[in-house]
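Residue numbers (my numbering): 2 to 238.
Okay, structure first, notes after.
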């Protein structure tokens, strides 16, 4: 009788956990939706961004605003210059850069991939990732930009954020270092797990050079080419 009761309890707990666990599908993971129409998203308040609109998942938005307020107490201003970007937006970025380059298709794609994602592979699709203050590497090398990065490096983890694209050391593959790009780890790690489970190279399409993604191995080298962080199940060795 006791064993039966324990079994029923475990089934109930597992059932509740499964019901409450977030589920993601391929369109959401590859940015084929409008964040303004998604119930899990909200706009950042205007003082936290220089954009007319900047959308994030609610939990990530709350965490960023709390982090920005904390930074302000230390005399540091951090603000979002880019937040959620859907597939269509990323296609515009990619196509513009593709048209500005020449050479073989793989060569052109690799050049763009130094700093920009193929549509359908960007962490900016997820509503967990954002760029702060400037997307120019030189900004973070001196003056206010250097102080911003030092503060983020020391404090971002307290609010759930980490820098996915650090210097390419310890075998990290993919994009060049981006000191402006920060990711809300509590949700992003779940989205990455779902992405690896559901998305294949065939889902990465609809833009010039898309067919190169399999040869370049974009999912392994770029989507999963992130820095180490505590509890990261995809930590590169």
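Beta carbons: idealized from backbone N, C-alpha and C, even for Gly.
Linking residue 33 to residue 121 through their CA atoms gives a straight-line distance of about 8 Å. In this model, residue 90 and residue 54 are separated by some 14 Å (Cα to Cα).
Counting along the chain, the unbroken alpha helix (DSSP H) around residue 88 starts and ends at 88-100.
Contact between residue 125 and residue 167 is absent: CB atoms are separated by about 18 Å, not below the 8 Å threshold. Per the C-alpha coordinates, the member of 209, 228 and 217 positioned closest to residue 184 is 228. According to the DSSP assignment, residue 42 belongs to the beta strand (DSSP E) that extends over 42-44. Taking 9 Å as the cut-off, the Cβ atoms of residue 52 and residue 83 count as close. Spanning the alpha carbons of residue 204 and residue 191 requires a straight line of approximately 19 Å. In the three-state DSSP reduction, residue 81 falls in the strand class (E or B).
Note that the C-beta distance between residue 174 and residue 214 is not below 9 Å. Counting only residues of its own chain and dropping the five nearest sequence neighbours on each side, residue 147 has a CB closer than 8 Å to the CB of 141.
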